[in-house]
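For reference, the structure is listed below as structure tokens.
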Amino acid sequence: MKTTNRKRARATAATGIFLLFALAACSGGGGESPQIHTGKSGDKGSEQPVEAPANAGKTTLTFSTFFPDPHLQELVTQYEALHPEVDIQLQSVQTDDAHLEAEMEKFMTQTNTAMLAGKGPDLLVLDDLPAASYVKNGLLVNFDELIAQDSAFKREDYFTNILDHAKIGGGLYAMPISFFLHGLAGDEEALAQAGVEINDDSWSWNDFAVLSQKLVNKTYPHVIHTEPEYMLNWMVSDNLSLFVDESKGTAKFNTATFTGLMKQVQKMSEDGVIGAEGIPYFFPVQINSPGDYFESLNSFLSSNMKLYVKPHAQDVGAGGYFQPYRSIGLNQSSKAKEQAWDFVKFMISDQVPVDPNHAGFPLNKRLYAQEVEQLKKDGSVPTAKEGPLKGVPIQVNPDELDALENELTGATHLVSKFQPDQLADIIVEQSQAFFSGQKSTEDVAGLIQNKVTTYLNE
Amino acid sequence: MKRSKLLPQIALTAILGFFALLMSVPLLLTFTNSLMTETEIGMNYGLIGQMTDVAAGGNTRFVNLKLLPDWLSFGQYREVLILNSKFLRMFWNSVGMVVPIIAGQTLVASLAAYAFAKLRFRGRDKLFLVYLLTMLMPFQVTLVPNYLVASTLGLMNKEAAIILPGVFGAFGVFMLRQFMAHIPGAYAEAAKMDGAGEWTVFRHIAIPLAKPGLAALAVLLFVDYWNMIEQPLLFLEDSFKQPLSLYLARIASEERGVGFAASVLYMTPMLLLFFYAESYFIQGVQMSGIKG
Amino acid sequence: MFLTPSMLGFAVFYMIPFVMGISQSLTNRTLGGRFTGLSNYSELLASGSFRKAAANTLLFTGVSVPLLLALSLSLALLINKGPFFRQGLQTALILPLVVPVASVVLVWQIFFDWNGTLNAWLYHGGHSRVDWLQSNGSMGVLVVLYLWKNLGYNLILFLAGLRQIPRDYYETARIEGAGRWHQFSRITLVYLTPTLFFVVLISIINSFKVFRETYLLAGDYPYDRIYMLQHYMNNMFAALEIQKLTAAATLMVLCISVLVMALLSVERRFRDVLD
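Protein chains in written order, with the numbering used here: chain A, 12 to 469; chain B, 3 to 294; chain C, 251 to 525.
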């Protein structure tokens, strides 16, 4: 009996090894996928030092982004032309509006899993990923450390306020190639006429609510162009400690304070402070480029527009708001970190100019200066034919350019913190039922309380 | 005598018929709606998930549940089958993965199930417990380890990354073991007395007796893997290779118009399989419990 | 020999990931983590949301699984009595199994949405609307969904299981003068034990799978009553909190395994009867 057992065990082991080989063989022999190259950077070439003539010949860097991006493709092409020994595979997801949500979910799951498994691309665009969670799990390289070690890197070439404030969890893990400015475009003259003085260095949403009472039905029918549920969310962010105690995991939305706030916002809506139709004093704007700055400030039907800093949430110091765009992360598990860092530096260098219309303000100050020079030389900004200005060009005012530069260097607050804002999602989604008149304040406040409590205690 | 049997049978049919009708409502709805035009669907169901303003009459407007289309239209089918090349490709992708899984798992599992049910060896029940426990683990937990296994074996983005785990799934082992447990030990012992080896017993006694189980297994495996979502989502990055289940995993509101027809087509292979396999569950038991 | 092929593949694709998953729950980080003992577990048990999720899941499974078992077993027995149109009835009962997730969600929305058909009926009957998935009735909606979706699954299993019971057992019993109840409890139930064991476990597993529909219907932070362990685990995965996720899953598996072992020992008694 014993011998047969042993025999059986040996036979089992042998079959096992055979099967494993068979598995490996058929997997190795499979054809390459015709469409997309996978994010698996298992290529032995990437372990070789850069200069060495590796057996695979080239250093391969994988670079993943959700949306296909011509600018990134351009950067890749130019870099590869300068460095023939490097092969950069830019991967993106082809999708359309109907499948965006499903594809996004899939992209997230795939990328999260690959990153956690220590695989994943060498470089990745973090704009649509939970980068803050990556940092917490130690999956990304801190660019601050690379910058400190790299004597060739000159911080003063860049908008240092962005480098300093695009940090997640105490380090620069997401290097933005460019950024947008968020603010309120407001009619300066009409505001002065109404006798309202704005100190946008420090104003808060509470201040905004107070002064909006003075503006209602003066020059313009509305004060701000938005929906009540967003206003509610801003007001909450301005009074966050009244509603949320993160360390204790408690929420206080089922209180008179919150239902009061809801009613206040509803009244703002009824009074016409908030309105999505008709002309307001303020438009929330996202400024994408120097040219866009002029177009945005002139396309809202008044020529006296000024860019104000967005009102501040609670406990937020002075300074404007910016949103990093095309933030690049470097995978901690990458086998070609040096090469990848070299490519990141190339991407934020002044070697490839950005498309002035939609690319955001470049992190690189010299690129920005080039854009400004070009604008001054042109003297005017063309506008979109189908836009409110009907293609009539706008004159460039050098003074306003200086004001813009002040805004850019004064932007110190991240708009999104590289993680989904569950609190805002819950408030905006649930309060719609109240503002449309479908549910009572108590019902909605109860639901928000419910969900936020769950979120805080997970 | 005859009448006293007829009445209960009518009552029985009525009870079951009631349940069957209730259960079929979503299905009928899917089918009839698949014959509506996209505009009609949009008009009927556009309000789903909306909070319309009460001031603008939002409290009096509802989704319009309609069983019969105003206009009989095959536009949805045309859209799905002819205009959208993706659908048919994904359909065949699904077939290409599900068929090998069923064949493989039925074979591998029937062998293993026989061992668990009828052979005696050390640690048998403990090993079986381990099989069971893995089935209970939520997929999120094994996502990262599975990814590592697949990428170590070089299976990423290949159909084998779906098929191989499918073939070795514990589901079939568990199920067939339960069905083989019915086989009385006396049968096998008698056969062995006649000089039959384990293989012969397996081949000529266990398998024929477990046939209803095998048929049920094939059907359930088909259903499970035809509907699978998580595995292909992770292991097949290439949208060219993805199965149909991902197409119907979620339908955006823009696509509601073709969703019904796509669903009907999606269900067809399973329906055919049911009609074919059902006779296996039916025969033999008829009337067994009620005579007398 | 019979086990070899299965065991090999099983070890590679299931055992290894299973063990790796559990071991994650004892570390502090997924890549290059340190062993931290049970600290993830104590953190987990301190989480109010986890406890709420566990309670809801227990309630949902505890109500819906027995309900499903009773319903599907009685329907299987009724079908076995041979009604008219047997094949047609049987097919109609099994069919919900094949409806794709997207359609299920859409149909449920048509009925249970804020603007849905049920609320339309309420409105025309002079009542105010109910946000079904945001109310205490939400779990009921899910129970119905679960029953509807899985009835066919269990029906197939029970029908196949019933078919395996040799008919002569019943004949012998009848000759011995056993009544119907006696036949049911001494023959049908006893010989159905292995099938029943399987169906119970699969029903539990399937009760976790309703998550996909729930998620599409009610999002990642649904109403309190239907916030289940699957939501918790899914949210933890999205936030890359793998340690909390694996700890939660391990605890869940441990709890079910107690049930599994109890079922196994009941089944062992059945086998002794048979051998």
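All C-beta atoms in this analysis are idealised placements derived from N, C-alpha and C, irrespective of residue type, glycine included.
Note down, in chain order, every chain C residue with its Cβ under 7 Å from the Cβ of N148 of chain B.
-> Against the second sequence, residue 148 of chain B aligns to sequence position 146. Residues of chain C passing the Cβ test: P267.
Could you check how far apart the C-beta atoms of V351 of chain C and E463 of chain C are, in whole angstroms? I think they sit under 8 Å.
-> Indexing the third sequence from 1 puts residue 351 of chain C at position 101. Indexing the third sequence from 1 puts residue 463 of chain C at position 213. That belief holds up - the Cβ atoms of V351 of chain C and E463 of chain C are roughly 6 Å apart, short of 8 Å.
Reference G181 of chain A, options A:K147, A:D161 and A:M246, closest by Cα = Indexing the first sequence from 1 puts residue 181 of chain A at position 170. Checked all of A:K147, A:D161 and A:M246; the closest Cα to G181 of chain A is A:K147.
Would a C-beta distance cut-off of 8 Å place T120 of chain A and L246 of chain B closer than the cut-off?
-> Taking the first sequence and counting its residues from 1, one reaches residue 120 of chain A at position 109. Taking the second sequence and counting its residues from 1, one reaches residue 246 of chain B at position 244. No, the Cβ-Cβ distance between T120 of chain A and L246 of chain B is not below 8 Å.
Chain A contact for M53 of chain B (CB, 8 Å cutoff) | As a position in the second sequence, residue 53 of chain B is number 51, starting the count at 1. It does: the Cβ of M53 of chain B has a partner Cβ on chain A nearer than 8 Å.
In angstroms, rounded to a whole number, what distance separates the CA positions of E257 of chain B and A287 of chain A?
-> The residue given as residue 257 of chain B occupies position 255 in the second sequence. The residue given as residue 287 of chain A occupies position 276 in the first sequence. Cα-Cα distance, rounded: 28 Å.
Answer yes if the region 330-342 of chain A comes into contact with the region 185-194 of chain A, meaning at least three C-beta pairs across the two stretches below 8 Å, and no otherwise.
-> yes
Quick one, are the C-beta atoms of S338 of chain A and A185 of chain A less than 8 Å apart?
-> Locating residue 338 of chain A in the first sequence gives position 327, where the first residue counts as 1. Locating residue 185 of chain A in the first sequence gives position 174, where the first residue counts as 1. Going by C-beta atoms, S338 of chain A is nearer than 8 Å to A185 of chain A.
Compile a chain-ordered list of the residues in the region 264-293 of chain C whose CB is closer than 8 Å to at least one CB of chain A.
-> R279, T280, L281 and G282
Check each candidate in C:I454, C:F487, C:A342 and C:M251 and name the one with the smallest Cα separation from P28 of chain B.
-> Working through the second sequence from its first residue, we reach residue 28 of chain B at position 26. Checking every option, the nearest Cα to that of P28 of chain B belongs to C:A342.
Roughly how many angstroms separate the alpha carbons of L294 of chain C and L276 of chain C, rounded to a whole number?
-> What you label residue 294 of chain C is simply residue 44 of the third sequence in a count that begins at 1. What you label residue 276 of chain C is simply residue 26 of the third sequence in a count that begins at 1. Whole-angstrom Cα-Cα distance: 12 Å.
With 8 Å set as the bound, which would you pick, yes or no: does the beta-carbon of T465 of chain A sit closer than that to a beta-carbon of chain B?
-> To locate residue 465 of chain A, count along the first sequence from 1; it is residue 454. Chain B contact via Cβ: absent.
Going by the beta-carbon positions, is the gap between M182 of chain B and A217 of chain B smaller than 8 Å?
-> Translated into positions along the second sequence, residue 182 of chain B becomes position 180. Translated into positions along the second sequence, residue 217 of chain B becomes position 215. Result no, Cβ atoms of M182 of chain B and A217 of chain B do not sit closer than 8 Å.
How should N278 of chain C be labelled, buried or exposed, when 16 other C-beta atoms within 10 angstroms of its C-beta is the threshold for buried?
-> Translated into positions along the third sequence, residue 278 of chain C becomes position 28. N278 of chain C comes out exposed.
Alpha helix (DSSP H) segments (min. 4 residues) lying fully within the region 300-356 of chain A | 301-309
Step through the CB atoms of chain A and report whether any lies within less than 8 Å of the CB of M486 of chain C.
-> Residue numbering aside, residue 486 of chain C sits at position 236 when the third sequence is read from its first letter. Yes, contact with chain A.
From the DSSP output, in three-state form, read off T71 of chain A for me.
-> Position 60 of the first sequence, counting from 1, holds the residue named residue 71 of chain A. Here T71 of chain A sits in strand by DSSP.
Chain A residues whose Cβ lies nearer than 7 Å to that of Y465 of chain C = Taking the first residue of the third sequence as position 1, residue 465 of chain C is located at position 215. Result: empty, since nearest Cβ-Cβ is about 10 Å, beyond 7 Å.
Using a Cβ-Cβ cut-off of 8 Å, state whether L135 of chain A counts as contacting chain B.
-> To locate residue 135 of chain A, count along the first sequence from 1; it is residue 124. L135 of chain A does not count as touching chain B.
Does the beta carbon of T266 of chain A come closer than 8 Å to any beta carbon on chain B?
-> Taking the first sequence and counting its residues from 1, the one referred to as residue 266 of chain A is at position 255. Closer than 8 Å: no.
In this structure, what does DSSP give as the bridge partners for P239 of chain A?
-> Your numbering for residue 239 of chain A matches position 228 in the first sequence. P239 of chain A is not bridged to any residue.
Could you tell me which residues DSSP puts in a beta bridge with T277 of chain C?
-> As a working mapping, residue 277 of chain C is identified with position 27 in the third sequence. Paired residue(s): C:F285.
Starting from the C-beta of F293 of chain A, find all residues in its chain whose C-beta is less than 6 Å away, skip the five residues before and the five after it, and write them out in chain order.
-> Here residue 293 of chain A refers to the residue found at position 282 when the first sequence is read from its first residue. Closer than 6 Å at Cβ, skipping near neighbours: L195, G197 and I235.
Give the DSSP-derived three-state secondary structure of D183 of chain A in the structure shown.
-> Along the first sequence, one-based indexing puts residue 183 of chain A at 172. The question names Asp, but residue 183 of chain A is Leu in the sequence shown. Residue state, collapsed to three classes: coil.
How would you list, in chain order, the residues of chain C whose beta-carbon sits under 9 Å from the beta-carbon of T184 of chain A?
-> Translated into the one-based positions of the first sequence, residue 184 of chain A becomes position 173. According to the sequence as given, residue 184 of chain A is Tyr; it is not Thr. Result: empty, since nearest Cβ-Cβ is about 14 Å, beyond 9 Å.
Evaluate contact between the region 158-177 of chain A and the region 126-138 of chain A, counting only Cβ atoms and requiring at least three cross-stretch pairs below 8 Å.
-> no
Assigned secondary structure, T475 of chain A (DSSP; H/G/I helix, E/B strand, else coil) | With chain A covering only 12 through 469, there is no way to say anything about residue 475 of chain A.
Report buried or exposed for H206 of chain B, applying the criterion of at least 16 other Cβ atoms within 10 angstroms of its Cβ.
-> In the second sequence, counting from the first residue as 1, residue 206 of chain B sits at position 204. Exposed, by the Cβ-count rule.
Look at the alpha carbon of Y268 of chain B and the alpha carbon of L248 of chain B, and state the distance between them as a whole number of angstroms.
-> Here residue 268 of chain B corresponds to residue number 266 of the second sequence, with the count starting at 1. Here residue 248 of chain B corresponds to residue number 246 of the second sequence, with the count starting at 1. For Y268 of chain B and L248 of chain B, the distance between alpha carbons rounds to 11 Å.
Are the C-beta of M389 of chain C and some C-beta of chain B separated by less than 8 Å?
-> The residue labelled residue 389 of chain C in the question sits at position 139 within the third sequence. Not an interface residue.
With a cut-off of 8 Å, does the C-beta of L140 of chain A fall near any C-beta of chain B?
-> Translated into positions along the first sequence, residue 140 of chain A becomes position 129. Output row for L140 of chain A: interface = no.
What number of angstroms, rounded off, separates the C-alpha of V61 of chain A from the C-alpha of L49 of chain B?
-> Here residue 61 of chain A refers to the residue found at position 50 of the first sequence. Here residue 49 of chain B refers to the residue found at position 47 of the second sequence. Caution applies to V61 of chain A, whose pLDDT of 38 falls short of 50 and renders its modelled position unreliable; the value that the coordinates give is listed next. Going by the C-alpha atoms only, they are around 58 Å apart.
Can you say whether K225 of chain A is buried or exposed, counting buried as having 16 or more other CB atoms within 10 angstroms of its CB?
-> Within the first sequence, numbered from 1, the residue matching residue 225 of chain A stands at position 214. Classification for K225 of chain A: exposed.
Bridge partner(s) assigned by DSSP for Q297 of chain A | Along the first sequence, one-based indexing puts residue 297 of chain A at 286. Note: Q297 of chain A sits in a beta bridge opposite A:H193.
In the region 501-514 of chain C, which residues sit with their C-beta less than 9 Å from some C-beta in chain A, listed in chain order?
-> none
Identify every residue that forms a DSSP beta bridge with Y169 of chain A.
-> Mapped onto the first sequence, residue 169 of chain A falls at position 158. Beta-bridge pairing links Y169 of chain A to A:N375.
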